[in-house]
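Peer 1:
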Amino acid sequence: MSDEKQRYIHQREASIRDYYRRLAPDYAQWLTRRGYYYACKSDLLRRLVPSPGRVLEIGCGLGQNLAALAPEYGLGVDLSPETVEAARHLHPASEYPHLEFRCLSALDCTQIEGPFDTILLVNSTTEIADLVRAFEVIRGLCGPQTRIVQVSYNYFLAPLLKLAARLGLAPNHPVQNWLTGQDLAHIADLGGLDEVRRGYALVMPLYVPGLSAFINRFFPLFPLTRYASILYYTVMRPVLPPVREPQPSVTVCVPCKNEEGNIEGLVQRIPVMGSATEIIFVDDCSTDTTAAEIRKQIDLHSERNIRMVPGPGQGKGAACRAGFAEAKNDILMILDADMTVMPEDLPGFYEALTSGKGEMINGSRLVYPMEEQAMRFLNVLGNKMFAALFSFLLSQPIKDTLCGTKVCWRRDYHKLLEAREHFGGIDRWGDYDWLFGAARHNLKIVEYPVLYRERASGETKMTKRMHNALIMLRMCWAAFRRLRT
């Protein structure tokens with residue numbers, strides 16, 4: 016960095032320190048005077064970070080955000096020594112042994128030893144003098160599963176927020192970087208970070224019984240009213256290099272219910288992927304010869320790692336959970352036994368995951384033309400309707416929610432199981448547990464287009480369309496309550 020740029024950055028940081036030095040005597044009073052605003056911001060952070068782990072907050076202020084998250088370990092850094100001292104006073108080690116506060120700038124965080132599970136930037140991106148360099152520093156403090164949560168003032172409300180500060184209704188923060196969401200995503204990309212989701216929060220920062228809760232719950236959700244929100248948030252992840260050596264191993268779980276005619280073809284067509292591939296057939300209380308056919312193929316193909324696991328007979332989702340409970344390998348894949356999604360597409364899912372493009376790869380049957388009898392018209396219509404609804408609920412674009420082929424890292428699978436419990440265990444298919452879990456824990460969902468064909472043998476299990484639609488509507492309501500309000 017040139018001497019001239021270094022001097023400029025030091026000048027910017029000195030002016031910010033001076034501002035917070037003057038604010039320090041009154042800073043704690045703002046937490047009390049604007050208690051509803053800070054409580055809403057804490058609720059937002061808890062929703063965005065359900066499992067904080069080890070947390071670093073850059074621009075920690077008085078430490079209220081760290082305290083609200085109650086992390087396993089929390090380190091708050093701030094430019095202002097007076098602010099850091101006040102944070103230590105409000106959160107003494109005797110009561111908060113898991114919290115620590117240090118006086119550091121964002122650009123000096125190279126002195127900190129990572130990695131952290133969560134990195135917070137709450138109302139601090141507006142004050143950082145060199146955001147690209149700051150994001151590069153943050154990238155160095157990330158592990159593969161780190162999530163960076165950024166909360167800032169809404170660019171579109173800049174004039175109103177400045178007016179509120181002049182009227183004494185809000186602190187007159189030294190804000191220099193008024194960034195649009197696109198600006199922030201572009202700068203983060205330059206610094207080695209990838210946006211996972213974005214959104215708006217908090218239209219009404221003052222408490223009015225009944226009215227504030229209603230407005231703040233619903234207005235940030237819809238295209239026009241969300242721009243009245245005071246806060247804009249993004250969740251980001253580090254851009255990781257592709258995993259090449261050692262190659263991750265794979266478990267392919269195939270739930271089976273009366274699929275005797277498809278077992279041989281599945282064994283022949285499921286490709287070998289990565290350093291090792293195991294196939295787990297889950298016989299879900301079949302009434303035909305499915306179990307016998309699986310045992311036959313295990314005997315005929317001793318060169319392959321094939322196992323059979325009994326299913327509980329409670330639907331595809333429960334069958335997959337039974338199979339994955341026995342899984343040994345790094346990557347978990349679901350493949351429906353009907354082979355309407357061709358097994359030959361699985362290496363594409365593997366590459367999308369191991370290249371770092373996504374952390375949960377979801378098949379999409381609605382990109383390419385499908386064979387005439389592959390999916391009924393009403394099923395296609397329902398899939399498109401629910402895909403649009405779930406894209407809104409999950410804040411990530413989803414084209415096909417019920418494709419049977421889904422892939423994730425085994426290290427993330429516990430998050431999907433946790434989400435099932437969190438959302439009430441409504442999903443009988445398992446597809447929504449994966450989508451909800453990925454969204455709740457801010458995993459990057461990427462859709463992989465597949466060729467969708469007629470079932471090779473047997474009959475479709477998706478027959479009770481109205482009943483299934485009602486279950487999906489219940490799941491939408493659960494997602495709305497848990498993810499968006």
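Start counting the sequence shown at 16; every next residue gets the next number (my numbering). Note that the Cβ used here is the ideal one computed from N, Cα and C, for glycine as well.
(1) Is the distance from the Cβ of ILE321 to the Cβ of ILE294 below 8 Å?
(2) If you draw a straight line from the C-alpha of MET354 to the C-alpha of PRO270, how long is it?
(3) I'd like to confirm the pairing. Which residues does DSSP put opposite GLU210 in its beta bridges?
(4) Beta-carbon within less than 6 Å of VAL297's beta-carbon, same chain only, minus the 5 sequence neighbours each way: which residues are those?
(5) Just to confirm my understanding: we take GLY207, look at its own chain, exclude 5 residues before and 5 after, and list those with CB closer than 7 Å. What are they?
(6) Quick check: is the beta carbon of VAL254 nearer than 8 Å to any beta carbon in chain C?
(7) Can you tell me where the alpha helix (DSSP H) with LEU105 in it begins and where it stops?
(8) Count the other CB atoms, across all protein chains shown, that sit within 10 Å of the CB of MET288; report buried if there are 16 or more and exposed otherwise.
(9) For the beta strand (DSSP E) containing PHE116, list its first residue and its last residue.
(10) Give, in chain order, every unbroken run of the alpha helix (DSSP H) that is at least 4 residues long and sits entirely within the segment 245-332.
(11) Opposite PHE451 in the DSSP bridges: which residues?
(12) Considering Cα atoms alone, identify which of LEU46, THR305, TRP193 and ARG241 is closest to ALA102.
(13) Closer than 8 Å by C-beta to PRO235: which residues in its own chain qualify, once you throw out the five before and the five after it? Chain order, please.
(14) Helix, strand or coil for ARG49, going by three-state DSSP, please let me know.
(15) Let me confirm a value: ASP448 is counted as buried when at least 16 other C-beta atoms fall within 10 Å, else exposed. Which label applies?
(16) Tell me which residues share the same chain as SER301 and place their Cβ nearer than 8 Å to its Cβ, disregarding the 5 neighbours each side in the sequence.
(17) Take PHE407 as the anchor and find which of LEU194, ALA307, SER57 and ARG212 has the nearest alpha-carbon.
(18) Nearest-angstrom Cα distance between ILE376 and LYS430?
(19) State the beta-bridge partners of ASP93 as determined by DSSP.
(20) Measure the alpha-carbon distance for GLU260 versus SER370 and round it to whole angstroms.
(21) Output needed for TYR111: all residues of its chain with C-beta closer than 7 Å, excluding positions within five of it in sequence on either side, in chain order.
(22) Would you identify the three-state DSSP class for ARG61, choosing helix, strand or coil?
(23) How long is the line joining the alpha carbons of GLU433 and SER95, rounded to whole angstroms?
(24) Straight-line CA distance for TYR365 to TYR467?
(25) In the DSSP assignment, what are the bridge partners of ARG69?
(26) Starting from the N-terminal side, write out each stretch of the alpha helix (DSSP H) that is 4 residues or longer and does not extend beyond the segment 111-178.
(27) When DSSP labels each residue in this structure, what does ILE441 get in the three-state scheme?
(28) Which of helix, strand or coil does DSSP assign to GLY373?
(29) Taking buried to mean at least 16 other C-beta atoms within 10 Å of its own C-beta, is MET251 buried or exposed?
Peer 2: So, from the listed chains and residues:
(1) Along the sequence shown, read from residue 1 onward, the residue named residue 321 stands at position 306. Along the sequence shown, read from residue 1 onward, the residue named residue 294 stands at position 279. Yes.
(2) Walking along the sequence shown from the start, residue 354 turns up at place 339. Walking along the sequence shown from the start, residue 270 turns up at place 255. The straight-line gap from Cα to Cα measures roughly 11 Å.
(3) Within the sequence shown, residue 210 is the residue found at index 195, counting from 1. BP columns for GLU210 point to MET251.
(4) In the sequence shown, the residue the question calls residue 297 occupies position 282. Only PRO270, VAL324, GLY326, ALA334, ALA337 and GLY338 meet the Cβ criterion.
(5) For the purposes of this step, residue 207 is identified with residue 192 of the sequence shown, where counting begins at 1. Around GLY207: PHE150, GLU151, ARG154, PRO253 and VAL254.
(6) Included in the structure is just one protein chain, with no chain C present.
(7) The count along the sequence shown starts at 1 and reaches residue 105 at position 90. Where LEU105 is concerned, the enclosing alpha helix (DSSP H) stretches over 96-105.
(8) Reading the sequence shown from its first residue, position 273 is the one you call residue 288. The residue in question, MET288, is buried, as its Cβ has 16 or more Cβ neighbours within 10 Å.
(9) Here residue 116 refers to the residue found at position 101 of the sequence shown. Element bounds for PHE116: 114-118.
(10) 278-284 and 305-315
(11) Here residue 451 refers to the residue found at position 436 of the sequence shown. For PHE451, which the question treats as bridged, DSSP gives no partner whatsoever.
(12) Indexing the sequence shown from 1 puts residue 102 at position 87. Among LEU46, THR305, TRP193 and ARG241, the Cα nearest to that of ALA102 is on LEU46.
(13) Numbered from 1 along the sequence shown, position 220 holds the residue referred to as residue 235. Result list for PRO235: GLY214, TYR215, ALA216, LEU217, VAL218, ARG241 and SER244, in chain order.
(14) Here residue 49 is taken as the residue at index 34 of the sequence shown, counted from 1. In the structure shown, ARG49 sits in coil (DSSP, three-state: anything other than H, G, I, E or B).
(15) In the sequence shown, counting from the first residue as 1, residue 448 sits at position 433. Classification for ASP448: buried.
(16) In the sequence shown, the residue the question calls residue 301 occupies position 286. If we look at SER301 and ignore the five residues flanking it on each side, its Cβ neighbours are CYS271, LYS272, ASN273, GLU274 and GLU275.
(17) The residue you call residue 407 lines up with position 392 of the sequence shown. Ranking the options by Cα distance to PHE407, first place goes to ARG212.
(18) Locating residue 376 in the sequence shown gives position 361, where the first residue counts as 1. Locating residue 430 in the sequence shown gives position 415, where the first residue counts as 1. Looking at the two C-alpha atoms, the distance is approximately 15 Å.
(19) By one-based count along the sequence shown, residue 93 stands at place 78. ASP93 is bridged to CYS118.
(20) Walking along the sequence shown from the start, residue 260 turns up at place 245. Walking along the sequence shown from the start, residue 370 turns up at place 355. Each residue's alpha carbon lies about 12 Å from the other.
(21) By 1-based counting over the sequence shown, the position of residue 111 is 96. So the list reads ALA82, once near-sequence residues are dropped.
(22) Against the sequence shown, residue 61 aligns to sequence position 46. Note: ARG61 maps to helix in three-state DSSP.
(23) Here residue 433 refers to the residue found at position 418 when the sequence shown is read from its first residue. Here residue 95 refers to the residue found at position 80 when the sequence shown is read from its first residue. Taking the straight line from one Cα to the other gives about 39 Å.
(24) Mapped onto the sequence shown, residue 365 falls at position 350. Mapped onto the sequence shown, residue 467 falls at position 452. Spanning the two alpha carbons is a distance of roughly 18 Å.
(25) In the sequence shown, the residue the question calls residue 69 occupies position 54. ARG69 is bridged to TYR88.
(26) 146-154
(27) Counting from 1 along the sequence shown, the entry for residue 441 is found at position 426. The answer is coil: DSSP assigns ILE441 none of H, G, I, E or B.
(28) The residue labelled residue 373 in the question sits at position 358 within the sequence shown. GLY373 falls in the coil class under three-state DSSP.
(29) Position 236 of the sequence shown, counted from the first residue, corresponds to residue 251. MET251 is buried by the Cβ-count criterion.
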